[in-house]
Structures are given as structure tokens and as C-alpha cells.
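Colleague: Before we start, here is the structure in question, set down as C-alpha cells.
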Amino acid sequence: MLTQAPKGTRDMLPQDAYLWHWIEQKEREAAARAGYREIRTPVFEHTELFLRGVGDTTDIVQKEMYTFKDKGDRSITLKPEGTAGAVRSFIENHLFAETLPCKVYYLNAPIFRYENPQSGRLREHHQFGMECFGGKEPTVEAELISTLMGMLTSLGLKNLSVHINSIGCPNCRPKYHAALKQYLGDNIHCMCATCRERFEKNPLRILDCKEEKCRDIVKDAPVILDCLCDECREHFNQLQALLTAQKIPFEIDPHIVRGLDYYTKTVFEIIMQSGREGLALCGGGRYDGLVEQLGGPATPAAGFGIGAERILIELRNQNLLPPEPSTTDVYVANLGADMKIPAFSFAQALRALNVKADSDLNGRSLKAQFKYADKIGARYVALVGGDEYARGVIKLRDMATKEEKELPVDTAAQAVADML
Ligand code: HAM
């Protein structure tokens, strides 16, 4: 146990760090281009926020939250998603009183869900998310989706299509709930206990049940798209026109309901091409009621979240992972104990000039130092010592071509920096 990470968690190892940095850089650039600024919110929040925000009939709240009492007897929950915390911060910090829309993104925020760990489903994962507060037009969703697709394309990912749906608003949803209840009729008694409870409290959520017998019953249920009010229909039509104009491929999927209760009108997902069946690469949508529901002024809003680990799975499956760049430009080898200080100083001089430099930390022999330099993929080895150093020069070896040249000690660091 001591040397085993908790089930469903993963270390990010040093040899994978460059991949995370690469993805993060693309995410930052894409978000910044669309005018989004970074927000960071705590890893834990008051449990109440998620009960009210995510919804007490969702799987996340009913089955998956990491909830505990702190030493002050407050109920605390590790973030099971990123939106509720961003909304809480938007309200608490009066961001609604500043210029709207307020566009924010969070970068690889740790998210915790007590799920059954399997490929692509972790108990701790990391989300990049974008949230726009104070924009009511479907251009908001179009901007979110095109920014997201631009980011994924900049990583090289191909063949991704966006699945969109509209799940209506408080005006038209009761009509759908009635239609769904009528369709389910007596069959509700054959469904699982959770669905029976949801039938009374929140029938739409029944469509999100993973139990096979329940899925079988709902597969021919009426779809909410047929019950939309004029405003929701128009919103959905405009979104489609905007995506078409951007040449963003999309499919209308009336079965997307999403696993969180706050959505209104648009919901969307990108389904993984190569992952397990039905696993989403990304999910999001509009949530016009949430800010007010959590105590802020009525503010339309929309956003999405995408898991870094799933981006990595998709990149790996599409064979798009770049090789790790070398961590060292120059390895500074010393020729014996009396050369340790000059060699160390030379490495420091290189670093001061922004060169990735490394030197011996173990009193290794020259042969072992060369072997090490080779292993870490150093482009050059600078040899400090011997006759050369006595003559006031440092020998520089190009590890690929094996060519060697001598550089005057005083100007060697700058000369190397200029070569790179
Ligand atoms: P979500 O669909 O629950 O939405 O999660 C968003 C993304 O997080 C998923 O598409 C997936 O990439 C990743 N993800 C979710 N659960 C796991 C898991 N167990 N293991 C690995 N990756 C996972 C939300 O969380 C909403 N807050 C998104 C949103 C933002 N909607 C509006 N704004």
C-alpha cells in the first residue's frame, strides 16, 4: 500500500511532463486568442455548492463525490467538476459587476470522482475548461466549440466531430417531462431504484442511466428536440448555422443529456474516436440558470471541460505524440578533481546565458561522464581540463558528428550560446 498510489490515480512522470506542457501551451494560446483569462479556484469547496449546482439527482452527487468533514465539522467536497467553483468565484468576487461577458478558463484543474477505474476513467483527472458568463447568444457556444476544435487541431488531432443537442429551458422542459413520464408509464416499475426516484424528481435524468435494463426501456423514448419552445429552437438553429459557416463538422444527437443538472438549451460532446465506446473527449453546454440558482444575479452562461488524460489517449491512438526534446544542450565534463570548480563554473556560465547545461555530480571518470552525456542526449560535450585548459581553451565536441573545436575559456560560454 505504502508504495502504491490510490486506485484510479496516476503520477505525471518527468518523462511525460513535456507532453503536458505542450498540451497546456496549446490550450493557453487558444483560450487567449478568444479573449479568455485564467481563473484558479480551490481544489475543495463546500459540499452544498455541488448539491445545489450539479444537482442532487446526478450520478456525480449521488455516487461519486469525495466528501468529508473538516476539523471544524464543515462538509467539504473535492471538486467533482470545474463549473460550480468558477460560478461561486464569479459571484463571490463580484465579477458580474465588471465588464461582461466575463470569459475565463482553467488549466488542468484536478477533478475527483469516485468512479470505477477503467481505461479513460480515473478517480483524479485534470480538466481544461472555458466558461463564458454574460453572453446569451449562440455565438457563445459557437466560439467555445470553434476555440476547442482549433486547439485540438493544433495538436494534430483529426476526425473529431461535435455532437450537439438542445435540452430546452424551464419553459419547455415541463412539457418534455410530461411526455417522457407518459412514455415510461408502468415500465418505470421495471427500472432501477435510482430511475424510480428520478421519475418523480427529475425525469430527464433517467435518460442518463447506465443500467442496461433501463437503457433498453428508454431507447425509443420521445426526444426533447420535439418539445422545444420557439426561443430554444431558434437558438439551436442559429448555433447550427454558425458551426456550418465555420465548417465545423457536427452531428445532432438527441440522446445527449449530460451528467450534470445545470444545463439549459445547448449541450455538446466530442466522442472519442478510438477510446472505449461512448467515452467523451469533451463535454459542455449552456447553463443560463446556474448563476442565479447559486445566489448571483441572473446571468446567461456556457462552457466546456476536457480531460487532459483523454486528450493524451486520443493523441497516442492517433500516433501523434512528439518525441521528448533533449533536456541538455551541453554536458560539461571535467578531467579530474582539480577541474571540478572550473567545470561547474562553466556550466553555470552557460545556464546564465539560457543554455541547458549539466555537469558531473558524482565524481565520475571521464569515460563515465561521456557515457552519461550520451544517455541524456546532450548535443555537445565541453571538456574542461588537460593541456587545453592549461593553454586557456575548452574543447567542445559535437556528439553527433564527433567534430571537435577549441574555444578560448573567456569567451567560450558566449560562443556556445551563439552556436545553439
Ligand atoms: P463532464 O462531461 O463531466 O463535464 O467532464 C468533462 C470532461 O472531463 C470529459 O469529457 C472527460 O474528458 C473528462 N472526464 C470526466 N470524467 C473523467 C474521468 N473519470 N476520468 C478521466 N477524464 C474524465 C463537466 O465536468 C462540466 N463541468 C463541463 C462544463 C464546463 N460544462 C460547462 N462548463
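Numbering-wise, the sequence shown is residues 112 to 531 according to our numbering. Each residue gets a CB set at the ideal place from its N, CA and C atoms; glycine is no exception.
Using a threshold of 7 Å, is the CB atom of Ala409 nearer than that to any non-hydrogen atom of the ligand HAM?
Modeller: no
Colleague: Could you give the C-beta distance for Phe415 and Ile275, rounded to a whole number, given that I count them as a contact under 8 Å?
Modeller: Not confirmed; about 12 Å, so no contact.
Colleague: Does DSSP classify Ile487 as helix, strand or coil?
Modeller: coil
Colleague: How far does the beta strand (DSSP E) with Thr114 in it extend, from its first residue to its last?
Modeller: Unbroken run through Thr114: none, as it is neither H nor E.
Colleague: Indicate, with yes or no, if the ligand HAM has a heavy atom lying under 7 Å from the CB of Gly418.
Modeller: yes
Colleague: When every heavy atom of the ligand HAM is checked, does at least one fall within less than 7 Å of the C-beta of Glu226?
Modeller: At least one heavy atom of the ligand HAM falls within 7 Å of the beta-carbon of Glu226.
Colleague: What's the C-alpha gap between Gly496 and Asp509?
Modeller: Here the alpha carbons of Asp509 and Gly496 stand approximately 17 Å from one another.
Colleague: If we ignore side chains and look at the alpha-carbon of each, how far apart do Arg532 and Met123 end up?
Modeller: Since the first residue shown for the chain is 112 and the last is 531, residue 532 is missing from the structure and cannot be characterised.
Colleague: Can you tell me whether DSSP reads Cys340 as helix, strand or coil?
Modeller: coil
Colleague: Residues in its own chain within less than 7 Å of Tyr129 by CB, not counting five upstream and five downstream?
Modeller: These residues qualify, in order along the chain: Glu435, Pro436.
Colleague: Mind checking Lys278: buried by the 16 CB within 10 Å criterion, or exposed?
Modeller: Looking at the sequence provided, one finds Ile at residue 278 rather than Lys. With 16 or more other Cβ atoms within 10 Å, it is buried.
Colleague: State the Cα-Cα distance for the pair Gly240 and Tyr442, rounded to the nearest angstrom.
Modeller: Gly240 and Tyr442: Cα-Cα distance of roughly 40 Å.
Colleague: Find the nearest neighbour of Gly183 within the set Ile367, Arg307, Gln173, His157, judged by alpha-carbon distance.
Modeller: His157
Colleague: Using three-state DSSP, classify Gly370 as helix, strand or coil.
Modeller: coil
Colleague: For Arg397, which three-state DSSP category applies?
Modeller: strand
Colleague: Is any heavy atom in the ligand HAM found nearer than 7 Å to the beta carbon of Glu534?
Modeller: With the chain covering 112 to 531 only, the question about residue 534 has no answer from this structure.
Colleague: Measuring CB to CB, does Leu233 end up less than 8 Å from Thr120?
Modeller: yes
Colleague: If you measure between the beta carbons of Pro191 and Ile222, is that distance less than 8 Å?
Modeller: yes
Colleague: Check each candidate in Lys324, Pro153, Cys343 and name the one with the smallest Cα separation from Arg193.
Modeller: It should be pointed out that residue 193 corresponds to Gly in this sequence rather than to Arg. Of Lys324, Pro153, Cys343, the residue nearest in Cα terms is Pro153.
Colleague: Mind checking Thr346: buried by the 16 CB within 10 Å criterion, or exposed?
Modeller: For the sequence presented, residue 346 should be read as His rather than Thr. With 16 or more Cβ atoms within 10 Å of its Cβ, His346 is classed as buried.
Colleague: Would Val520 pass as a contact of Val504 if the rule is Cβ separation under 8 Å?
Modeller: Closer than 8 Å, so yes.
Colleague: Beta-carbon separation of Cys340 and Asn282 under 8 Å?
Modeller: yes
Colleague: Kindly indicate which three-state DSSP category Val172 falls into: helix, strand or coil?
Modeller: helix
Colleague: Using only the heavy atoms of the ligand HAM, determine whether one of them is closer than 7 Å to the beta carbon of Tyr491.
Modeller: Tyr491 has its Cβ no nearer than 7 Å to any heavy atom of the ligand HAM.
Colleague: Got a sec: is the Cβ-Cβ distance from Gly240 to anything in chain D below 8 Å?
Modeller: Checking the listed chains, one finds no chain D in this structure; it contains a single protein chain.
Colleague: Pull the bridge partners of Lys180 from the DSSP assignment, please.
Modeller: Ser186
Colleague: What does the alpha-carbon distance come out to for the pair Leu318 and Asn430?
Modeller: 35 Å
Colleague: Check whether the Cβ of Arg232 sits closer than 7 Å to any heavy atom of the ligand HAM, and report yes or no.
Modeller: yes
Colleague: Check the C-beta distance from Thr56 over to Ala468 and give it rounded, since I have them as a contact under 8 Å.
Modeller: There is no way to answer for residue 56, as the model of the chain reaches only from 112 to 531.
Colleague: Could you give the DSSP three-state label for Arg502: helix, strand or coil?
Modeller: Under the three-state reduction of DSSP output, Arg502 falls in the coil class, being neither helix nor strand.
Colleague: For Glu391 versus Ile134, is the C-beta spacing smaller than 8 Å?
Modeller: Just to set this straight, residue 391 is Ala in the shown sequence, not Glu. Taking 8 Å as the Cβ cut-off, Ala391 and Ile134 do not qualify as a contacting pair.
Colleague: Once DSSP output is grouped into helix, strand and coil, what is the label at Ser567?
Modeller: Because the chain here runs from 112 to 531, residue 567 falls outside it and cannot be looked at.
Colleague: Distance check for Ile487 and Leu518, CA to CA, integer angstroms please.
Modeller: 23 Å
Colleague: Is DSSP giving Lys478 helix, strand or coil here?
Modeller: helix
Colleague: Which residues in the same chain have their Cβ closer than 6 Å to the Cβ of Asp399, if we skip the five residues on either side of it in sequence?
Modeller: Thr375, Pro411
Colleague: Our contact map puts Gly164 next to Tyr373 with C-beta atoms below 8 Å; I'd like the distance itself, whole angstroms only.
Modeller: 6 Å
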